[in-house]
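Remarks on the structure that follows.
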Amino acid sequence: MKLAYLADIFKKNNDLRFSLQGKEVTVFDATDKVEGFKKKLKYWVESIKTGTLDCFPITKGFGEELESDIPADILNEFEVNLLRLIDAFNSYFPKGLMETYKKTFGF
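All residue numbers for the sequence shown refer to this note's numbering, where the first residue is -5 and numbers rise by one.
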């Protein structure tokens, strides 16, 4: 179950990483994408709290294959992991940083 969850999370992180690459991606585009991803992380935490795994298709499919509910302690581990990811993203990409640059350089 945990491996299925990790596969979902790595897929989502890789999708973000690929969207940040390329010659046409500006720092403003990248910031918007990272901020959007941070919002998705918060949404996923709320989804897990309610036991909804639609955002994690591999994990959901694995649970359906087993024909059993995912134990609460494992869902709690998923939630803690997502909260740690939010903290990590917030430390690397603090909110308001781009607004400061925009004001400084007149964007």
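Cβ atoms here follow ideal geometry from the backbone N, Cα and C, with glycine treated the same way.
Of the candidates Ala66, Gly30, Lys32, the residue whose Cα lies closest to the Cα of Thr46 is Ala66. Note on geometry: alpha-carbon atoms of Val21 and Glu93 lie some 12 angstroms from one another.
Take Lys27, set aside five residues on each side of it, and the residues of its chain with a beta-carbon closer than 7 angstroms to its own are Leu10, Ser13, Leu14, in chain order.
DSSP places Asp81 in the uninterrupted alpha helix (DSSP H) bounded by 66 to 86.
Taking 8 angstroms as the upper bound for CB-CB distance, Tyr(-1) and Phe72 are in contact here, some 6 angstroms apart.
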